[in-house]
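Here the structure comes first, spelled out in structure tokens, and everything after it is commentary.
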Ligand code: GLN
């Protein structure tokens with residue numbers, strides 16, 4: 001069934017659905033994923049895995065997340081609070097689940113892929129101030145719910161996807177996400193219940209004392225969902241081990257779903273096994289039946305990728321030197337990109353989490369003993385940056401493969417300026433705005449910015465690579481596009497002294513005004529990039545910088561740990 005061919009063009013309309021829009025909406029199918037019992041269940045992985053499965057059935061898909069919190073986006077949140085901020089091609093700062101969506105599905109998402117309560121309320125209040133509601137009392141229903149529904153439709157319109165998968169953050173019963181649930185309930189009536197599939201992901205706890213899995217929390221959670229007017233079509237049971245057929249049957253009976261629509265999702269060693277495991281459990285079959293989808297699934301390529309993951313023979317330790325290492329989620333995409341680099345060269349990457357606050361000239365030899373490589377990821381603010389600078393020095397002096405990302409590149413530049421160029425006071429304008437030796441300084445267009453949210457240099461920008469450089473060989477291309485998220489950049493006043501001292505400024509913006517990549521020729525791997533390559537890495541398609549970095553780290557590890 002080719003859904004795309006049948007779909008007429010329509011112009012997105014502001015309030016009521018036009019006839020054309022209804023036609024369009026009738027050809028797009030919608031899946032909604034909600035969660036029950038506890039948060040942090042891995043709903044995002046279920047949504048992402050389903051996206052992959054539906055793609056492998058031949059459908060185009062889009063995935064989006066509705067987050068209940070009041071921040072307009074996660075961009076201003078502390079990474080220790082919320083984990084990584086994932087940046088899309090078009091420069092949206094989004095929830096880290098979007099990284100899972102992109103990695104699992106291979107589809108690039110957009111600013112229409114993440115909506116927060118804050119963003120919906122903001123937009124409704126803005127409209128109210130402009131007088132767009134024509135004197136009406138502005139309310140959660142219909143105004144906030146309409147705004148939410150519009151956002152979901154907008155994604156369908158922009159992506160022209162056959163199927164739009166929407167994950168609702170939080171847990172059923174939370175006050176905060178109630179308006180989102182009401183919006184998706186209404187939405188299923190607007191587009192026709194037959195065009196929507198509701199999936200509820202629930203925790204099935206195990207009680208050690210009585211040695212059994214418990215179905216009651218799921219029953220209560222589904223009851224609550226039904227009380228809101230949403231009857232799930234599929235229930236996904238999250239558990240640490242197999243729950244057994246009896247529990248599944250019981251849940252099906254009590255929750256009014258078909259027996260084969262209760263799907264088990266057990267904790268797996270490798271996250272990327274989830275699509276195949278859920279397929280075996282019949283998830284895509286149940287969804288396809290509900291949405292009347294055709295298509296034969298082809299998982300050959302994904303299975304081949306999983307085989308390569310499992311056949312890794314070597315292990316390499318890579319030190320990740322960051323300021324937020326107590327929460328590994330703050331570096332989720334970096335960690336996944338390192339793993340992907342490992343899959344590409346048959347190695348298992350073991351990340352050694354190093355708090356940059358602990359690194360000094362004295363501790364470095366102990367901390368980095370036996371590592372194959374050192375990676376210094378992004379971050380904000382002065383705290384713990386001296387340890388990053390020490391780490392760059394240790395890597396450079398001992399020729400340990402080293403990749404600096406964003407703040408990491410800036411720290412590489414400061415270390416090089418201090419130790420090689422003799423600029424002892426070298427620093428960043430972010431740490432010492434009054435310094436007269438700012439190797440890293442505020443970008444011109446950032447100087448008069450008052451609002452912190454959404455005002456950095458964000459999203460994909462082109463970068464021209466220097467022929468003959470190491471990075472040119474890695475990418476095998478003269479021009480690339482990579483995603484950014486920063487306010488500061490390399491200060492052009494120091495270009496000459498850097499180049500005279502041997503640092504190659506081998507990646508620049510097409511107009512030549514911004515330094516995007518630097519590398520030290522003659523080293524095994526010493527590269528800093530102003531962008532975030534981790535956002536474009538895919539598990540089955542490692543990013544060129546990470547692929548080469550991990551490869552060189554494996555070599556270094558084999559040579560030094562002989
Ligand atoms: N704080 C630095 C800047 O704003 C680096 C940002 C980052 O690492 N993403 O330029």
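In the working numbering, the protein residues as written are 1 to 562.
Every residue, glycine too, gets a C-beta built ideally from N, C-alpha and C.
Asked, Found
"Local Cβ density within 10 Å of residue 251, reported as buried at 16 or more and exposed below that", "buried"
"Sub-8 angstroms separation of residue 553 and residue 318 beta-carbons", "yes"
"Proximity of residue 167 and residue 33 at Cβ, strictly below 8 angstroms", "yes"
"8 angstroms Cβ cutoff met for residue 348 and residue 315", "yes"
"As assigned by DSSP and simplified to three states, the class of residue 272", "helix"
"Outcome for residue 270 when other beta-carbon atoms lying within 10 angstroms are tallied against a minimum of 16", "exposed"
"Top-ranked residue by Cα proximity to residue 479, from 67, 509 and 104", "509"
"Member of 436, 475 and 397 whose CA lies at the smallest distance from the CA of residue 526", "397"
"Nonlocal neighbours in the same chain, by C-beta distance under 7 angstroms from residue 411, ignoring five residues either side", "376, 385, 388, 389, 392 and 404"
"Minimum C-alpha distance to residue 192 - residue among 208, 290, 224 and 105", "290"
"Validate contact between the region 439-447 and the region 462-477 using beta carbons, cut 8 angstroms, 3 pairs", "no"
"Chain-order list of residues whose beta-carbon lies under 8 angstroms from that of residue 145 (same chain, five-residue window excluded)", "179, 182, 183 and 186"
"Chain-ordered residues, beta carbon under 5 angstroms from a heavy atom of ligand 1", "378, 380, 406, 407, 485, 486, 487 and 488"
"From 188, 507 and 524, residue whose alpha carbon lies closest to that of residue 518", "507"
"CB of residue 446 within 8 angstroms of CB of residue 487, strictly", "yes"
"For residue 107 and residue 80, the rounded distance between their alpha carbons", "28 angstroms"
"Cβ-Cβ distance between residue 351 and residue 371 below 8 angstroms", "no"
"Assumed close pair residue 531, residue 482 - CB separation to whole angstroms, cut-off 8 angstroms", "4 angstroms"
"Three-pair Cβ contact test at 8 angstroms for the region 328-343 versus the region 81-91", "yes"
"Continuous alpha helix (DSSP H) stretch holding residue 198: start and end", "First-last for residue 198: 196-203, but that is the beta strand (DSSP E), not the alpha helix (DSSP H)."
"Which of helix, strand or coil DSSP assigns to residue 159", "helix"
"Sequence-distant residues of its chain with Cβ nearer than 7 angstroms to residue 100 (five each side left out)", "44, 45 and 48"
"Secondary structure of residue 98, DSSP reduced to three states", "helix"
"At least three beta-carbon pairs within less than 8 angstroms, the region 65-78 to the region 105-124", "yes"
"Cα-Cα separation between residue 38 and residue 255, rounded to whole angstroms", "18 angstroms"
"Given residue 354 as reference, the closest of 105, 285 and 364 once Cα atoms are compared", "364"
"Residue span of the alpha helix (DSSP H) that contains residue 504, given as start and end", "Per DSSP, residue 504 belongs to no alpha helix (DSSP H); it is in the beta strand (DSSP E), 504-508."
"Helix, strand or coil at residue 461 according to DSSP, with G and I counted as helix", "strand"
"DSSP state of residue 45 mapped onto helix, strand, coil", "helix"
"Residue from 513, 536, 204 and 428 whose Cα sits closest to the Cα of residue 242", "204"
"DSSP state of residue 410 mapped onto helix, strand, coil", "helix"
"Member of 188, 268, 538 and 262 whose CA lies at the smallest distance from the CA of residue 229", "188"
"Neighbour-count burial assignment, residue 409, 16 or more Cβ in a 10 Å radius", "buried"
"Residue 360 burial status per 10 Å Cβ neighbour count (16 or more: buried)", "exposed"
"Minimum length 3: unbroken beta strand (DSSP E) runs contained in the region 358-407", "373-376 and 402-405"
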